[in-house]
Amino acid sequence: MTDRYCVFGNPISHSKSPMIHAAFAEQTGEDIDYTAIEAPLDDFAGAWRRFTAAGGRGANVTVPFKEQAFSLCDTLSERARRAGAVNTLLLGADGRSHGDTTDGVGLVRDLEHHGVSLAGARILVLGAGGAVRGVLEPLLAAGPASLLVANRTAAKAEALAVDFADLGEIRGGGFDVVSGPFDVVINGTSASLGGELPPLPDDLFGTGATAYDMMYGAEPTVFLSWAAKRGACTVDGLGMLVEQAAESFFQWRGKRPLTEPVRESLRRTL
Ligand code: ATR
Numbered sequence: 001m002t003d004r005y006c007v008f009g010n011p012i013s014h015s016k017s018p019m020i021h022a023a024f025a026e027q028t029g030e031d032i033d034y035t036a037i038e039a040p041l042d043d044f045a046g047a048w049r050r051f052t053a054a055g056g057r058g059a060n061v062t063v064p065f066k067e068q069a070f071s072l073c074d075t076l077s078e079r080a081r082r083a084g085a086v087n088t089l090l091l092g093a094d095g096r097s098h099g100d101t102t103d104g105v106g107l108v109r110d111l112e113h114h115g116v117s118l119a120g121a122r123i124l125v126l127g128a129g130g131a132v133r134g135v136l137e138p139l140l141a142a143g144p145a146s147l148l149v150a151n152r153t154a155a156k157a158e159a160l161a162v163d164f165a166d167l168g169e170i171r172g173g174g175f176d177v178v179s180g181p182f183d184v185v186i187n188g189t190s191a192s193l194g195g196e197l198p199p200l201p202d203d204l205f206g207t208g209a210t211a212y213d214m215m216y217g218a219e220p221t222v223f224l225s226w227a228a229k230r231g232a233c234t235v236d237g238l239g240m241l242v243e244q245a246a247e248s249f250f251q252w253r254g255k256r257p258l259t260e261p262v263r264e265s266l267r268r269t270l
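The sequence shown begins at 1 in UniProt numbering and counts up one residue at a time.
In structure tokens:
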């Protein structure tokens, strides 16, 4: 029998997740049906309940429901508990809802696939919102020499650093405390959406450094264009999208799809 999965969001019509999971299913021979569902803004729990009552086995969760998904779970992975958000739901055989977040492991795997070594690296993360909170646990688990979180609102970055201090060498502050060089600089702000750039010093990048933007598009983001002019290798967030999906697929089906061909075919659709 075909097993049902979906991605919940609002809006959701532009989601690439159905295309990605269809490619994974074809590649691995798994018999799944994966659709996009627009959940009501004020009743995510009801949407999940209706989906599972109709035979749904699991779901991805995107904006703006990751915190509501977190709240309804009966059990949580450690990384989801740390993130305070859930992007992957799994219905257990006992009918209980389990929550995980695969965004951070998606980021770390994408960096690895691009040949970027995080162990011993000096990492700068820009931003301190939900997107950044969701990736800090796997970044720290990769064993960087240091991790600085810098944010427009300094207090939010400082609070994040306190929350994650038991996991590794992490500091937080405003953009004024940023002083290079760094080996890896990750933009997790939504500034690129408005075509803006956080105020950053010119000497941010060490030799061979990588600039990573969690956003992606047909054209390089403002941050990646800026970084390329300063000599950094640049990577956008399309691979992170595919890698987080692959980890969700693994949680549901126990199989790891190849991600590179899916990333490349997705790139051609941008
Ligand atoms: P998300 O879920 O995408 O992380 P969020 O929680 O609203 O969304 O966080 C947005 C992040 O982008 C924050 O770090 C925000 O900085 P503030 O905490 O100071 O608001 C950052 N951001 C948004 N627009 C920005 C801009 N123009 N310049 C710098 N940082 C910006």
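We treat Cβ as the ideally placed atom computed from N, Cα and C, and that holds for glycine.
Count the other CB atoms within 10 Å of the CB of residue 149; is the residue buried (16 or more) or exposed (fewer)? Translated into positions along the sequence shown, residue 149 becomes position 149. Flag for residue 149 reads buried.
Beta-carbon separation of residue 242 and residue 188 under 8 Å? In the sequence shown, the residue the question calls residue 242 occupies position 242. In the sequence shown, the residue the question calls residue 188 occupies position 188. No, they are not a contact pair.
Here's a check: name, in chain order, each residue in its chain whose Cβ is nearer than 7 Å to the Cβ of residue 116, leaving out the five neighbours to either side. To locate residue 116, count along the sequence shown from 1; it is residue 116. For residue 116, where only same-chain residues beyond five positions count, the Cβ hits under 7 Å are 184, 210.
Given 8 Å, three or more beta-carbon pairs between the segment 96 to 106 and the segment 69 to 85: yes
Taking the beta strand (DSSP E) that residue 88 falls in, what are its first and last residues? Here residue 88 refers to the residue found at position 88 when the sequence shown is read from its first residue. Element bounds for residue 88: 88 to 91.
In or out: residue 213 buried (at least 16 other Cβ within 10 Å) or exposed? Numbered from 1 along the sequence shown, position 213 holds the residue referred to as residue 213. It is buried - the Cβ of residue 213 has at least 16 other Cβ atoms within 10 Å.
How many Å lie between residue 123 and residue 50 at the Cα? Stepping through the sequence shown from its first residue, residue 123 is reached at position 123. Stepping through the sequence shown from its first residue, residue 50 is reached at position 50. If you take the alpha carbons of residue 123 and residue 50, they lie about 42 Å apart.
Over what stretch of residues does the alpha helix (DSSP H) that includes residue 112 continue unbroken? In the sequence shown, residue 112 corresponds to position 112, counting from 1. Secondary structure note for residue 112: its alpha helix (DSSP H) is the uninterrupted segment 103 to 113.
Taking Cβ to Cβ, would you say residue 18 is nearer than 8 Å to residue 36? Translated into positions along the sequence shown, residue 18 becomes position 18. Translated into positions along the sequence shown, residue 36 becomes position 36. Cβ atoms of residue 18 and residue 36: closer than 8 Å.
Test item: CB-CB of residue 246 and residue 257 under 8 Å: The sequence position of residue 246 within the sequence shown is 246, counting from 1. The sequence position of residue 257 within the sequence shown is 257, counting from 1. Yes, the pair counts as a contact, with Cβ atoms nearer than the cut-off.
Other residues of its chain near residue 54: CB distance less than 8 Å, five sequence neighbours each side excluded: The count along the sequence shown starts at 1 and reaches residue 54 at position 54. 4, listed in sequence order.
Rounded C-beta distance between residue 178 and residue 200? I'm assuming under 8 Å. On the sequence shown, residue 178 is found 178 positions in, with the first residue counted as 1. On the sequence shown, residue 200 is found 200 positions in, with the first residue counted as 1. About 6 Å separates the two Cβ atoms, so the contact holds.
Between which two residues does the beta strand (DSSP E) holding residue 149 run? Locating residue 149 in the sequence shown gives position 149, where the first residue counts as 1. Start and end: 146 to 150.
Per DSSP, which one or two residues make a beta bridge with residue 7? Within the sequence shown, the letter at position 7 stands for residue 7. Looking at the DSSP assignment, residue 7 forms a beta bridge with 36, 60.
Are the CB atoms of residue 107 and residue 57 within a distance shorter than 8 Å? Locating residue 57 in the sequence shown gives position 57, where the first residue counts as 1. Locating residue 107 in the sequence shown gives position 107, where the first residue counts as 1. No, they are not a contact pair.
Delimiting residues of the alpha helix (DSSP H) encompassing residue 249: For the purposes of this step, residue 249 is identified with residue 249 of the sequence shown, where counting begins at 1. Residues 238 to 253.
To the nearest angstrom, report how far apart residue 197 and residue 174 are at their CA atoms. Here the question's residue 197 lines up with position 197 in the sequence shown. Here the question's residue 174 lines up with position 174 in the sequence shown. Distance between the alpha carbons of residue 197 and residue 174 is about 14 Å.
Give the DSSP bridge partners of residue 125, in chain order. Sequence index remark: in the sequence shown, residue 125 carries index 125 (1-based). Answer by DSSP bridge pairing, in chain order: 149, 186.
If I follow the unbroken alpha helix (DSSP H) through residue 20, where does it start and stop? In the sequence shown, the residue the question calls residue 20 occupies position 20. Run containing residue 20: 17 to 28, per the alpha helix (DSSP H) assignment.
Among 228, 144, 219, 227, nearest to residue 268 - alpha-carbon criterion: The residue you call residue 268 lines up with position 268 of the sequence shown. The residue with the shortest Cα to Cα distance from residue 268 is 219.
Smallest Cα separation from residue 47: which of 9, 31, 15, 204? Residue mapping note: residue 47 aligns to position 47 of the sequence shown, counting from 1. Of the candidates 9, 31, 15, 204, the one whose C-alpha sits nearest the C-alpha of residue 47 is 9.
Is residue 127 a contact residue of the ligand ATR, with contact defined as CB to any heavy atom under 7 Å? Within the sequence shown, residue 127 is the residue found at index 127, counting from 1. Yes.
In the structure shown, what three-state DSSP assignment does residue 99 receive? Residue mapping note: residue 99 aligns to position 99 of the sequence shown, counting from 1. Three-state DSSP puts residue 99 in a strand.
Please return the same chain residues whose Cβ sits closer than 7 Å to the Cβ of residue 271, not counting the five positions on each side in sequence. In the structure as shown, the chain begins at 1 and stops at 270. Residue 271 is therefore absent and cannot be evaluated.
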